[in-house]
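Read in order, the letters of the sequence shown correspond to residues 0 to 203 in numbering that gives the first Met the number 0. Virtual Cβ for every residue (Gly too), placed ideally from N, Cα, C. None of the values given here were measured: they were computed from a predicted structure. Each remark here refers to the structure printed beneath this line.
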Amino acid sequence: MNPADLRWSIARYPAALIDRVALADGRAVTLRPVLPQDAGLTQAFYRSLSPSSRYLRFHMGVASLSSAVLRAFTEIDYDGHLALLAEVFDDDDEERQVADARFVRRADAPIADFAVAVADDWQGVGLGSTLIDRMLAAARRRGIVRLDGEVLAVNRPMLGLLRGRGFALRTDPQDARLVRASISTGAAPPDAIGTPADVAFAGG
Ligand SMILES: CC(C)(COP(=O)(O)OP(=O)(O)OC[C@H]1O[C@@H](n2cnc3c(N)ncnc32)[C@H](O)[C@@H]1OP(=O)(O)O)[C@@H](O)C(=O)NCCC(=O)NCCS
C-alpha cells in the first residue's frame with residue numbers, strides 16, 4: 000500500500016468547545032467534545048447512573064450500552080452529531096465522566112434532536128442547564144434552526160430546566176406520557192443563508 004493513501008479520516012476536533020466550568024456548589028468540571036477513545040468512560044458513566052436517571056434518559060430500562068450504541072455515541076462527526084461530556088479527575092488523575100449531552104441533526108431538515116444526562120451526585124448544581132446552553136450555541140453555529148427533545152411527563156427537573164430556558168413544551172397528542180420540547184436556535188433558515196448570487200458577490 001502506498002503510504003500516501005493512508006489518511007486519518009476523523010473530522011476536525013472542535014477544540015473551541017473545551018472549557019472549564021465552575022458549578023453552583025463550588026465544584027468544577029471540564030467540558031469537551033467526546034472522542035472515539037472515550038467509549039469506556041461513556042459506558043462507565045451510563046452504568047453509574049441510578050436506574051431512575053437511566054430510565055428518564057432512555058425512556059426504558061437500559062443496564063448498559065451495546066457496542067453499536069457506544070460507537071454511535073463516541074465516533075461522531077462534530078457537525079450533524081455533536082456530543083459534549085463533562086469530566087472530573089481524582090487525585091490519581093483518573094477520569095470520571097459526570098455528564099453527557101448531544102444533538103443529532105435529522106437527514107431531511109436543519110433540525111436536531113437533543114438529549115442530556117447528569118450523574119446523580121452532580122445533579123441540581125447547574126450542569127444540565129450549562130450543557131443545554133452550550134448545545135444551543137453550537138447548534139446555532141452549525142446552521143441548525145431548531146432543537147427538539149422528547150421528555151417523559153414525570154420528569155419535573157428536566158421540564159423545569161427547559162421551561163426556564165424558553166423551550167416550548169407540548170404534551171404529545173398521541174402519548175400523554177411524553178412532552179415534546181422545542182426551541183428555535185436563532186440560526187438563519189438555510190434559504191436565508193445566501194443565494195448563488197450572494198456567494199458570487201462575496202467573491203466565493
Ligand atoms: C434533568 C437533568 C439533565 C437536569 O440536569 P441538572 O444538572 O440536574 O440541572 P441544573 O442543575 O442545571 O438545574 C436547572 C434547572 O432544572 C430544574 N431542576 C434541577 N434539579 C431539580 C430538582 N431536583 N427538582 C426540581 N427541579 C430541578 C430547576 O428548574 C433548575 O432551575 P434553577 O436554575 O432555577 O435551579 C438531570 O437531572 C438528569 O440527568 N436527570 C436524569 C436524566 C434525564 O432526565 N435526562 C433528560 C432526558 S430528556
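Close beta carbons around residue i, own chain, < 6 Å, minus the five adjacent residues each side
i, result
"leucine 84", "Val33, Gln96 and Asp99"
"aspartate 112", "Val103 and Asp147"
"alanine 82", "Val33, Ile75 and Arg101"
"aspartate 180", "It is worth fixing the name first, because residue 180 is alanine in this sequence and not aspartate. Only Gly148, Val150, Leu161, Phe166 and Leu168 meet the Cβ criterion."
Nearest to residue i (by Cα), restricted to the options the options
i, options, result
"glutamine 122", "Ser66, Ala186 and Asp24", "Asp24"
"isoleucine 17", "Leu130, Gly142, Arg179 and Val153", "Leu130"
"arginine 26", "Ala108, Asp120 and Asp76", "Asp120"
"aspartate 92", "Thr29, Ala114 and Arg145", "Thr29"
"alanine 114", "Val124, Asp90, Asp37 and Asp132", "Asp132"
"alanine 152", "Val144, Arg145 and Leu161", "Leu161"
"leucine 177", "Tyr77, Leu168, Gly185 and Ser183", "Leu168"
"asparagine 154", "Ala108, Ala137, Thr170 and Phe44", "Thr170"
According to DSSP, residues forming a beta bridge with residue i
i, result
"proline 32", "Leu83"
"phenylalanine 102", "Leu81 and Phe113"
"serine 181", "Asp147 and Ala167"
Residues near residue i in its chain [Cβ-Cβ closer than 8 Å; skip 5 each side]
i, result
"threonine 41", "Val33, Leu64, Leu69, Phe72, Thr73, Leu84, Gln96 and Asp99"
"arginine 105", "Ala111 and Asp112"
"glycine 60", "Pro50, Arg53 and Tyr54"
"aspartate 37", "Thr73, Leu84 and Gln96"
Close Cβ partners of residue i (< 7 Å) along its chain, the five nearest in sequence each way excluded
i, result
"alanine 116", "Leu48, Ser52, Arg56, Ala98 and Asp99"
"valine 20", "Ala27, Val28, Leu30 and Thr129"
Next on the checklist: Under 6 Å, CB to any heavy atom of ligand 1. Which residues pass, going along the chain?
Outcome noted: Ser52, Leu55, Arg56, Ala114, Val115, Ala116, Val117, Gln122, Gly123, Val124, Gly125, Leu126, Gly127, Ser128, Gly148, Val150, Asn154, Arg155, Pro156, Met157, Gly159, Leu160 and Gly163
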